[in-house]
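*Asks:* For the protein sequence lines, the chains are A and B, in the order given.
First residue of the first sequence: 62, per the numbering used here; consecutive thereafter.
First residue of the second sequence: 4, per the numbering used here; consecutive thereafter.
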Amino acid sequence: MKPAPFAYHIASTADAAAAALARAEGRAKPMAGGQSLGPMLNLRLARPELLVDLSNTPDLQGAQVEDDAIVYGACVTHAQIEDCVVPDPTPGWLSAAARHIAYRAVRNRGTIGGSLAHADPAADWVNIMMALGSSVLVAGPGGARAIAASQFMTGSYTTALAPDEIIAGLRILRRTPDARWGYWKFCRKAGDFAQASASVLVDAQRGDICILIGAIETTPAFLSDPEEILAGRRSIRDAVAQALPGRGDEGLGLHVAAVTRALAIARGERD
Amino acid sequence: MSIVKTAQGVGASLPRLEDDRLLRGRGRFIADIKLPGMLDVAFVRSPVAHARVRSVAKPGQMAGSVFVSADLVGVSGIRADSGLPGFKSSVEPILAWDKVRFVGEPLAACVAGSRAEAEDIADLVMLELDELPAISEMTRACDADAPLVHEGWSENVFLETFVETNFAVAEKADLKVSRVLRTARQHMAPMEGRGVVAYWDAHVEQLVVYSSTQMPHIVRNGLAECLGCPQGMIRVVAPDVGGGFGYKGILLREEVCLAYLAMHLKRPMRWIEDRREQLTGNANCREHHYEITGYANRDGTLVAVDCEAIVDSGAYSLYPFSACLEAAQIASILPGPYSFAGYRCHTRSIASNKPPILPYRGVARTGVCFAMEVLMDLLAREIGMDPVAFRMKNLAQPEEMPFTNITNKFFDSGDYPESLRRCVAAIDLEGVRARQLAGEPDGRRIGVGFSVYCEQGAHGTSVYSGWGIPMVPGFEQANARLTPDGGLELRVGVQSHGQSLETTLAQVACEVLGIDPHKVKVVHGDTAITPYSTGTWGSRCMVMAGGAVAAACDVLAERVRAIAAHLLQADPADIVLGDGKATCGAGEISFQDVAKVWYRRPQDLPAHVDPAGLEVTQGYKPLRDSGTFSYASHAAVVAVDPATGGIEILDYAIVEDGGVLVNPMVVDGQIYGGAAQGIGTALYEEMLYNKEGQPLAATLADYHLPGAVEMPNIKLEHMETPSPLSRFGQKGLGEGGAIGPPAAIANAINDALASFGIEMLELPITPARVRASLANVKAQA
Chain A
62 MKPAPFAYHI ASTADAAAAA LARAEGRAKP MAGGQSLGPM LNLRLARPEL
112 LVDLSNTPDL QGAQVEDDAI VYGACVTHAQ IEDCVVPDPT PGWLSAAARH
162 IAYRAVRNRG TIGGSLAHAD PAADWVNIMM ALGSSVLVAG PGGARAIAAS
212 QFMTGSYTTA LAPDEIIAGL RILRRTPDAR WGYWKFCRKA GDFAQASASV
262 LVDAQRGDIC ILIGAIETTP AFLSDPEEIL AGRRSIRDAV AQALPGRGDE
312 GLGLHVAAVT RALAIARGER D
Chain B
4 MSIVKTAQGV GASLPRLEDD RLLRGRGRFI ADIKLPGMLD VAFVRSPVAH
54 ARVRSVAKPG QMAGSVFVSA DLVGVSGIRA DSGLPGFKSS VEPILAWDKV
104 RFVGEPLAAC VAGSRAEAED IADLVMLELD ELPAISEMTR ACDADAPLVH
154 EGWSENVFLE TFVETNFAVA EKADLKVSRV LRTARQHMAP MEGRGVVAYW
204 DAHVEQLVVY SSTQMPHIVR NGLAECLGCP QGMIRVVAPD VGGGFGYKGI
254 LLREEVCLAY LAMHLKRPMR WIEDRREQLT GNANCREHHY EITGYANRDG
304 TLVAVDCEAI VDSGAYSLYP FSACLEAAQI ASILPGPYSF AGYRCHTRSI
354 ASNKPPILPY RGVARTGVCF AMEVLMDLLA REIGMDPVAF RMKNLAQPEE
404 MPFTNITNKF FDSGDYPESL RRCVAAIDLE GVRARQLAGE PDGRRIGVGF
454 SVYCEQGAHG TSVYSGWGIP MVPGFEQANA RLTPDGGLEL RVGVQSHGQS
504 LETTLAQVAC EVLGIDPHKV KVVHGDTAIT PYSTGTWGSR CMVMAGGAVA
554 AACDVLAERV RAIAAHLLQA DPADIVLGDG KATCGAGEIS FQDVAKVWYR
604 RPQDLPAHVD PAGLEVTQGY KPLRDSGTFS YASHAAVVAV DPATGGIEIL
654 DYAIVEDGGV LVNPMVVDGQ IYGGAAQGIG TALYEEMLYN KEGQPLAATL
704 ADYHLPGAVE MPNIKLEHME TPSPLSRFGQ KGLGEGGAIG PPAAIANAIN
754 DALASFGIEM LELPITPARV RASLANVKAQ A
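This is the structure in structure tokens:
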């Protein structure tokens, strides 16, 4: 379980990283915290010729405060969010979610940008960033661009990133305590990957309302007519069944439970 | 003879003497050993479960770094036969050459300056394999069209056993309950995997093999047999070992291979097992399948038990325990601590295209306890009796001790019903029942379950000679040497890898000799400097090595007393040993001064002193070596969420009788650790294989081990009924914690889900299995 040989480049800036990736013409991989790519390298499931290390790139660190949002550098770690070392644009929702990502050792190294780029369907940030309407800020030889989180992940482990692009940061909109939020996931044990997850956001001030289910083996899915579900006029099971066509009752149950519980949390009925 | 009792001897919760070294990171584990010029070895392993090997082609430019079976000239494969009639023999080739029989079987060894480079070379080795159909499901292994794992065998069965006693009584029973139960294949997951460092010591013309093993002397036996060289040419050393659990109670092919390469290349060789090798190539224990029927009368009498048990023993018979220990043990231990009249059990050890099995902590007992205790609950329900009352009625009673059960197991002592009574109190059964009636505000269902088991430990010659396997424990020996400065060195052939023997054996010496345990150095894990021993397994060390240390210290005490009496001009019978000195009235002399006279001022010795001096090797075996019987009752309270299948252990209680506890704190640790593994067996751990025999969990993200969060706060109580068989009344108990949990937890879950009409009979009981059962019931409704 040792990686195949690779060349190693420490990127000093986001643009330099993208340039190094461009030169390698698809035979390179960027690495931030290495919590997913590291094991894949060790198992020789990933065999890049060049590894571009982003973990010491200054312009990918920290947070920038904007009027309406906070921009996290791609290499902000889960632990920094958990510990509120970077400001939380929400009333503590991100910090609370970060606390339940994997284990502390993983959170110390793993990054929010890395998690989105890896695009594991069961990952927490994939679900939460979509639900919160965040934007993924991308750097590349073609220039910077922003992609809506809901457009970023294109499927299981695939994203809208070009091979020579990297995530530079995430713009996360501010939310006030008036907004209601619920996130619930089901794991077999603490720190495990989720087998079902659901986000519920009701932000009257911004007019945002959504219910999103994750850990569905592809990009998380928004349930249709969330207002009707919230009002109790549309059955959760029907909505989940519509979002997950072709799955039997047994396959839906866990996702229904996730939505039910995320809704209860958003309503303040459970922790 | 008299000894002054100290607060550090038998019965003291002395802090572990090895902790300072281990907790400060100063232990030396196999991967910490670095030798000049050392090369790393990576194995090319079979990617398929069953195939004929057409060729293993070395890469041209690297051919000198790759070794295949034909290169290991004069090396024999590993054979571990049982003497039981009908046993079919298999030979594990050191490197496979004609066939591969499971995914992960080694085909070639690649040698380089680092493991990464060795893996690069391994990538270049070309395999030509003609894949064959595989056996991955034991219940299909004897189908007419089943492929044979070993050609020449009539069917895929290592061994069949059959026992029957007075089974005709079953006919007259009022009722019966039959079920099929199953336990998953697991892997033992010690924190440190296996590993070997081997080098040729030209100076003493000796092969030195460092191995992460529980049994260095047995490994030396096996190495000498496979390499065809005299034992004196081999030294096996176990450094600090980071967990064993049975996983390291084996002669490894990798040990033989590295030994050969080190001898012939004259370079130190290292192989460190990685987690993928451990998970995919060596998931090797606990896969049982039971068809069990219990017969009972309406008055709550258990009448008879009938069982068809099969165990997936994997592809080969492993050295030294063989492929049949697990299944054949089922037949003898299934009745456990219950008294009943009729019994029948048929067992088969199945050969399959999976890694061969090893005895894991608890060995067959964990599966047997699950089958028997779930059956007890179901019988109680059928009778309409409380499961605790049903157990109470049928357990061996204290006045029957020593009790011989229906399979002639000799229960040396104890009060089984009392442990259950105390367990019922500890778990607050009444309170749980009240809560159950009230219902949970969050919709979860509460259930409570119990299990009772016994743990035969330190069983010796009389038991193992019957198995006829390559290893039969006899007398256990210890060497005790008073050093010239008055300290004590103990040399034992067992190996300590979490058992705390560096502490507890020192406590035994303290008890017998009256010496401060901090002045005792326990030396273990090295064939060159310790007496022969079968090693650490079967909950045997505290009884056997503890007994041997006591026996050696008895003799040493006599010799110290004789010299001290001479120096104090007293009668040896009047000498009292304690606190590191010999005392007679007002006169006293320290052990240091006694030792000084023997070693450095022999002119002061008495005229007829024992010339053997202050060094003693003494052997020990209990008068009756059928084993000590520790036992326990476990109780679990669980909450099951019908919406998700999620299971939470709300409360857990254990009332254990391990006889006289040499170090209660160490015992607590053993029980907590065992219980964690039992919880893994109950709820988490499962190595699935697809029908082609491919393992489906290659990392710990897929193979679920319980973590700290999943461990309940266990309420642990002790009873201390002394064993009449052992030196201090101590009993072997290292495995027990792992035996009780699956049964207690399964019974609790089945109690919680009883209103749905659901029984969970397959381990692990996962949320997905609970959801599937609920959906199944709903579909039928």
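Idealized CB from N, CA, C, for every residue including glycine.
How far does the beta strand (DSSP E) with B/V211 in it reach, from first residue to last?
*Replies:* Your numbering for residue 211 of chain B matches position 208 in the second sequence. Residues 209 to 214.
*Asks:* I'd like to know if the segment 285 to 300 of chain B and the segment 214 to 226 of chain B are in contact, where contact means that at least 3 CB-CB pairs between them fall below 8 Å.
*Replies:* Flag = no, the segment 285 to 300 of chain B and the segment 214 to 226 of chain B do not touch.
*Asks:* Buried or exposed, going by whether 16 or more other CB atoms sit within 10 Å of the CB of B/D488?
*Replies:* Taking the second sequence and counting its residues from 1, the one referred to as residue 488 of chain B is at position 485. Exposed.
*Asks:* Does chain B have any CB closer than 8 Å to the CB of A/G329?
*Replies:* What you label residue 329 of chain A is simply residue 268 of the first sequence in a count that begins at 1. It does not: the Cβ of A/G329 has no partner Cβ on chain B nearer than 8 Å.
*Asks:* Could one say the Cβ of A/A200 lies closer than 8 Å to chain B's Cβ atoms, at least one of them?
*Replies:* In the first sequence, the residue the question calls residue 200 of chain A occupies position 139. Closer than 8 Å: no.
*Asks:* Under 9 Å between beta-carbons, which chain B residues line up against A/I252? List them in chain order, please.
*Replies:* To locate residue 252 of chain A, count along the first sequence from 1; it is residue 191. The question names Ile, but residue 252 of chain A is Gly in the sequence shown. Per Cβ cutoff of 9 Å: G710, V712.
*Asks:* Considering only C-alpha positions, which residue in the set B/M236, B/K522, B/S181 is nearest to B/W203?
*Replies:* Here residue 203 of chain B is taken as the residue at index 200 of the second sequence, counted from 1. Looking at the Cα atoms, B/M236 is the closest of the given residues.
*Asks:* Does B/H291 pass the burial test, meaning 16 or more other C-beta atoms within 10 Å, or should it be called exposed?
*Replies:* The residue you call residue 291 of chain B lines up with position 288 of the second sequence. It counts as buried.
*Asks:* At which residues does the alpha helix (DSSP H) containing A/G312 begin and terminate?
*Replies:* Start at 1 with the first residue of the first sequence, and residue 312 of chain A comes out as number 251. Segment 310 to 327, the alpha helix (DSSP H) holding A/G312.
*Asks:* Is it buried or exposed, B/H206, if we count other Cβ atoms within 10 angstroms and call 16 or more buried?
*Replies:* Position 203 of the second sequence, counted from the first residue, corresponds to residue 206 of chain B. Exposed: under 16 other Cβ atoms inside 10 Å.
*Asks:* Run through DSSP, which three-state label would A/A130 get?
*Replies:* Here the question's residue 130 of chain A lines up with position 69 in the first sequence. A/A130 falls in the strand class under three-state DSSP.
*Asks:* Got a sec: is the Cβ-Cβ distance from A/K246 to anything in chain B below 8 Å?
*Replies:* In the first sequence, the residue the question calls residue 246 of chain A occupies position 185. So no, A/K246 is outside the interface.
*Asks:* Between which residues of its own chain and B/S636 is the CB-CB distance below 6 Å, once the five residues before and five after are set aside?
*Replies:* The count along the second sequence starts at 1 and reaches residue 636 of chain B at position 633. The answer, listed in chain order, is S422, L423, C426, V455, V658.
*Asks:* Who are the near neighbours of B/R31 in its chain, counting only those whose CB is closer than 6 Å to its CB and skipping five residues on each side?
*Replies:* Counting from 1 along the second sequence, the entry for residue 31 of chain B is found at position 28. Correct list, in chain order: P242, D243.
*Asks:* Check the C-beta distance from A/G94 over to A/S116 and give it rounded, since I have them as a contact under 8 Å.
*Replies:* Residue numbering aside, residue 94 of chain A sits at position 33 when the first sequence is read from its first letter. Residue numbering aside, residue 116 of chain A sits at position 55 when the first sequence is read from its first letter. Right, their Cβ atoms sit about 7 Å apart.
*Asks:* Give me, in chain order, the residues of the same chain whose beta-carbon lies closer than 7 Å to that of B/S5; leave out the 5 immediate sequence neighbours on both sides.
*Replies:* Working through the second sequence from its first residue, we reach residue 5 of chain B at position 2. No answer about B/S5 holds up, because its pLDDT of 48 lies below 50 and its placement is not dependable.
*Asks:* So, using beta-carbon positions, are B/G696 and B/N285 closer together than 8 Å?
*Replies:* Locating residue 696 of chain B in the second sequence gives position 693, counting from the first residue. Locating residue 285 of chain B in the second sequence gives position 282, counting from the first residue. Not in contact: B/G696 and B/N285 (Cβ atoms no closer than 8 Å).
*Asks:* Relative to the C-alpha of B/F478, which candidate in B/A576, B/A554, B/D148, B/Q234 has its C-alpha closest?
*Replies:* On the second sequence, position 475 is the one that residue 478 of chain B refers to. Nearest option by C-alpha distance: B/A554.
*Asks:* Exposed or buried, which one is B/R328 when buried takes at least 16 other CB atoms within 10 Å?
*Replies:* For the purposes of this step, residue 328 of chain B is identified with residue 325 of the second sequence, where counting begins at 1. Residue identity differs from the one stated: residue 328 of chain B is Leu in this sequence, not Arg. Counting Cβ neighbours within 10 Å, B/L328 comes out buried, since at least 16 surround it.
*Asks:* What's the call for B/M194, buried or exposed, on a 16-neighbour Cβ count within 10 Å?
*Replies:* Your numbering for residue 194 of chain B matches position 191 in the second sequence. Under this definition B/M194 is an exposed residue.
*Asks:* By how many angstroms is the C-alpha of A/T220 removed from the C-alpha of A/E278?
*Replies:* Taking the first residue of the first sequence as position 1, residue 278 of chain A is located at position 217. Taking the first residue of the first sequence as position 1, residue 220 of chain A is located at position 159. Rounded to the nearest angstrom, the two C-alpha atoms are 14 Å apart.
*Asks:* A/L115 versus chain B: which residues are under 8 Å apart at the beta carbon?
*Replies:* If you number the first sequence from 1, residue 115 of chain A lands on position 54. By Cβ distance, chain B contributes nothing, its closest Cβ being about 23 Å from A/L115, past 8 Å.
*Asks:* Compare the C-beta of B/S16 against all C-beta atoms of chain A and say whether one is closer than 8 Å.
*Replies:* The residue given as residue 16 of chain B occupies position 13 in the second sequence. With 8 Å as the cut-off, B/S16 does not count as an interface residue toward chain A.
*Asks:* At what residues does the alpha helix (DSSP H) containing B/L130 begin and finish?
*Replies:* Here residue 130 of chain B corresponds to residue number 127 of the second sequence, with the count starting at 1. That residue, B/L130, is in no alpha helix (DSSP H); its beta strand (DSSP E) goes 129 to 134.
*Asks:* Which residue wins for smallest C-alpha separation from B/H500, given the options B/S117, B/S92, B/G246?
*Replies:* Position 497 of the second sequence holds residue 500 of chain B. Minimum Cα distance to B/H500 is reached at B/G246.
*Asks:* Among A/F67, A/S211, A/L315, which has the Cα closest to the Cα of A/V197?
*Replies:* Reading the first sequence from its first residue, position 136 is the one you call residue 197 of chain A. Residue A/S211 is the option with its Cα nearest to A/V197.
*Asks:* If you follow the beta strand (DSSP E) that A/Y69 is part of, which residue opens it and which one closes it?
*Replies:* Along the first sequence, read from residue 1 onward, the residue named residue 69 of chain A stands at position 8. Unbroken beta strand (DSSP E) run through A/Y69: 68 to 71.
*Asks:* Any contact of the segment 38 to 46 of chain B with the segment 342 to 350 of chain B, i.e. 3+ C-beta pairs under 8 Å?
*Replies:* No, the segment 38 to 46 of chain B does not touch the segment 342 to 350 of chain B.
*Asks:* Report the option in B/R394, B/I430, B/C310, B/P444 whose CA atom is closest to the CA atom of B/P420.
*Replies:* Counting from 1 along the second sequence, the entry for residue 420 of chain B is found at position 417. B/P420 has its Cα closest to that of B/R394, out of B/R394, B/I430, B/C310, B/P444.
*Asks:* Taking Cβ-Cβ distances below 9 Å as the criterion, which residues of the segment 101 to 123 of chain B are in contact with chain A?
*Replies:* Within the segment 101 to 123 of chain B, the residues whose Cβ lies closer than 9 Å to some Cβ of chain A are S117, R118, A119, E120, A121, E122, D123, listed in chain order.
*Asks:* Check the Cβ of B/G649 against every Cβ in chain C and list those closer than 8 Å, keeping chain order.
*Replies:* Protein chains A and B are contained in the structure displayed, whereas chain C is not.
*Asks:* Quick one: what's got a C-beta closer than 7 Å to B/A367's C-beta in the same chain, skipping five residues either side?
*Replies:* Indexing the second sequence from 1 puts residue 367 of chain B at position 364. Hits under 7 Å: E329, Q332, I333, I336.
*Asks:* Could you tell me the boundaries of the beta strand (DSSP E) in which A/C248 lies?
*Replies:* The count along the first sequence starts at 1 and reaches residue 248 of chain A at position 187. Element bounds for A/C248: 241 to 248.
*Asks:* In terms of residue numbering, what span does the alpha helix (DSSP H) encompassing B/D577 cover?
*Replies:* Taking the first residue of the second sequence as position 1, residue 577 of chain B is located at position 574. First-last for B/D577: undefined, no H or E at that position.
*Asks:* So, is the C-beta of A/P91 closer than 8 Å to a C-beta in chain B?
*Replies:* On the first sequence, position 30 is the one that residue 91 of chain A refers to. With 8 Å as the cut-off, A/P91 does not count as an interface residue toward chain B.
*Asks:* Interface residues of chain A around B/H190 at Cβ under 8 Å?
*Replies:* Start at 1 with the first residue of the second sequence, and residue 190 of chain B comes out as number 187. In chain order: nothing, as chain A lies at least about 16 Å away.
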